[in-house]
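Laid out in structure tokens, this is it:
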């Protein structure tokens, strides 16, 4: 078990009808909110009314910044920063899924920085401060509601890069599982795959496989995501399944699932970011393409031990090959694509995808070369 | 799954040779430390030298307050408060196990309060502020290093009561598993039982048994404590087992193991506090006496469902009775007593023990009467 540091100061308020509690919480931080949201689903499911009502009740002025798209783009972040400055916003409220929260974080950091916000993503500057961030999560998937990272796509350069810093931990995140009841099936699928991806990256890439307690937590969260997703697909109105899924996805990337692992990388994410940057496919869908292929490569290069252990504990399988198939079956069951062709990505593009992925692989200091990435992508054909 | 709030701002620094990092961390909070410790084991295992060296390197003046005993007592807390005031201490450093950290927390709150510190324990006052607390944990057991509670015994009234408040979260806790290598076997046993006790209280007393993700986490932590304790008893020098045990015990009572449970109580703890208050036995030993007896009572009053589920997931047992026996076997294997007679507590004392327990049961607002507590204790004969 390797040395580690764990810190996570985000306050979680979880359950039915909790969103209005963000009003008094936000009022402790400021009086002028930038309300960041997507393309209007929060107006249909009532989140918008509850949230703006709760903020206004506290005398908080709300400036709206909507239209955040999945795989949030740099140009929209920049316009959010301008809007926050013009309106002297002193806090940010994000209402939506991981894309909305990530864009809100980028804006929060960008407002407090004299240079270009992209500097944080390409490693030119570190995030030293940010506006206080409050979130109302409506899509369990990325874990952004309880971590200090964010991912933005620079659409001019086709780079999907990440930035992080302790200032980006949301002060308070409100998670109401009932807001997820109306999610379309593709978003249920993408969220499940994304959560699984976060749970497995450390487990399978660690050079130190003797962190028994973290292994147990990884198995526990994986079982919970898989079980609750199955229950949701059977009965969309199953509140307890929605709640278990929501809290599992948050815990999947709040730091808990990697304590004591060493030398781990986010290789599946690095490759996926290239797919999203080039084809604008959902992050979860991209991960469902990459993960089984990467597992096949992992089996060839690192042996069967971790796949056997994970498979036995989570899927009840006996061999590494069966464990990989069980992952594919789960992804297929949710409706996610597991081959490039199923996402209409031509195999001829593999060199171009790998070349794009290398940008992030180098930036993150990972030891992979382009031929290896091409080989992994070849296993997704 | 019930609504819940989760917040835990303590920074954990975990691993080999991490204790010296408390120096710079403490220096951010103040310049005059009260160093709280027990009866000298930290002078034998090197913790004292590392810690005082690290504090002095930062120019921090150290006032010592040692002699904390297991089941820390109010009189010693009061003398610590006087010492901290006399020396104008602006931070507290606790080096030891849960008793030391609990006493340090009580002192930290007491220094900032004009009344008597016992007011916090008997419900007369709420903790509004406290000196910043830093801990170097040497005994995995109570979880105090990452939560906001503390337990102190008023030796004049034989009351072992608890107090809590957000101000009691340690700012930083340093956990070096190597400091646990020299623990005597009884402390290994007591720590394992205490951690298990924290893991199970919510799971078995919740009125809402559909918080699937928290059930999974409870199973995961229980398996980890049981497995790592077995490894430690086989090989005292097994670092990875020590590390897994240490992090598991911290996670057992940091809030994670009860998210979404409803109507839960700390009944086993309430009964045990009476045993410690009256006989000054170790908290872990007292819990090993109470838990199997309470399980037998739980089985009679609430049915077998939770015991069957827990037993199947953690021990591989089939029935509730087998699960209870597996708990007893585990406690026995560690060397903990599982019957009153094994701890030299006379069965004739049961009414007196139950009467004492009722003080805490009423204070905590639990719905139990003395005959029920006597019946539970009778099952421990």
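Protein chains in written order, with my numbering: chain A, 27 to 407; chain B, 27 to 407. Note that the Cβ used here is the ideal one computed from N, Cα and C, for glycine as well.
Check whether chain D comes within 8 Å of residue i, counting only Cβ atoms and requiring the distance to be less than that.
i             : result
residue 54(A) : No chain D is present in this structure, whose protein chains are A and B.
Going by DSSP in three states, residue i sits in which element: helix, strand or coil?
i              : result
residue 90(A)  : strand
residue 358(B) : helix
residue 410(B) : As shown, chain B starts at 27 and ends at 407. That puts residue 410(B) outside it, with no answer to give.
residue 20(B)  : A question about residue 20(B) goes unanswered here, because the residues of chain B that appear run from 27 up to 407.
residue 405(A) : coil
residue 150(A) : coil
residue 337(B) : helix
residue 326(B) : helix
residue 33(A)  : strand
residue 42(B)  : coil
residue 121(A) : strand
residue 233(A) : coil
residue 70(A)  : helix
residue 185(B) : strand
residue 160(A) : strand
residue 265(B) : helix
residue 175(A) : strand
residue 364(A) : coil
residue 319(A) : helix
residue 58(B)  : strand
residue 200(A) : strand
residue 305(B) : helix
residue 396(B) : helix
residue 213(B) : helix
Considering only residues of the same chain and omitting the five flanking positions on each side of residue i, which have a CB-CB separation below 7 Å?
i              : result
residue 220(B) : 167, 168, 309, 310, 313
residue 392(A) : 291, 293, 296
residue 96(B)  : 125, 308
residue 247(A) : 225, 274, 277, 278, 283
residue 85(A)  : 57
residue 206(B) : 164, 165, 166, 268, 272
residue 107(B) : 133, 136, 137, 143
residue 141(B) : 151
residue 405(A) : 319, 322, 323
residue 54(B)  : none
Does the beta-carbon of residue i have 16 or more other beta-carbons within 10 angstroms, so that it is buried, or is it exposed?
i              : result
residue 28(B)  : buried
residue 322(A) : buried
residue 268(A) : buried
residue 213(A) : buried
residue 112(A) : exposed
residue 131(B) : buried
residue 208(B) : exposed
residue 374(B) : exposed
residue 372(A) : exposed
residue 388(B) : exposed
residue 342(B) : exposed
residue 41(A)  : buried
Given residue i, which residues of its chain have a CB within under 6 Å of its CB, disregarding the five upstream and five downstream residues?
i              : result
residue 487(A) : Residue 487(A) falls outside the range modelled here, since chain A spans only 27 to 407, and no answer is possible.
residue 423(A) : Only positions 27 to 407 of chain A appear in this structure, which leaves residue 423(A) out of reach.
residue 330(A) : 346
residue 121(B) : 63, 68, 73, 77, 162
residue 384(A) : 396
Which residues in the same chain have their Cβ closer than 8 Å to the Cβ of residue i, if we skip the five residues on either side of it in sequence?
i              : result
residue 263(A) : 207
residue 401(A) : 323
Members of the stretch 44-69 of chain A that neighbour chain B once the beta carbon cut-off is set at 7 Å:
44
Do the stretch 45-61 of chain A and the stretch 80-87 of chain A make contact, defined as three or more Cβ pairs closer than 8 Å?
yes
Anything in the stretch 249-277 of chain A with a Cβ closer than 7 Å to a Cβ of chain B? List those residues in chain order, please.
249, 250, 253, 254, 266, 269, 270, 273, 274
May I ask you to verify whether the stretch 249-256 of chain B touches the stretch 373-388 of chain A, counting CB pairs closer than 8 Å and requiring at least 3?
no
Are the stretch 97-107 of chain B and the stretch 173-181 of chain B touching, with three or more C-beta to C-beta distances below 8 Å?
yes
If contact means a Cβ-Cβ distance below 9 Å, which residues of the stretch 70-97 of chain A contact chain B?
none
Closer than 8 Å is the cut-off here; do at least three beta carbon pairs connect the stretch 28-38 of chain B with the stretch 363-377 of chain A?
no
Is it true that the stretch 142-159 of chain A meets the stretch 188-205 of chain A, where meeting means three or more beta-carbon pairs spaced less than 8 Å apart?
yes
Using 8 Å as the threshold, is the stretch 55-75 of chain B in touch with the stretch 83-99 of chain B, meaning 3 or more CB pairs across them?
yes
Along the stretch 209-239 of chain B, where does the CB come closer than 8 Å to a CB of chain A? Name the residues.
236, 237, 238, 239
Give the residues from the stretch 30-44 of chain A that approach chain B closer than 9 Å (Cβ to any Cβ), ordered along the chain.
30, 31, 32, 33, 34, 35, 36, 37, 38, 39, 40, 41, 42, 43, 44
Members of the stretch 146-162 of chain A near chain B, C-beta cut-off 7 Å:
none
Along the stretch 281-297 of chain B, where does the CB come closer than 9 Å to a CB of chain A? Name the residues.
282, 285, 286
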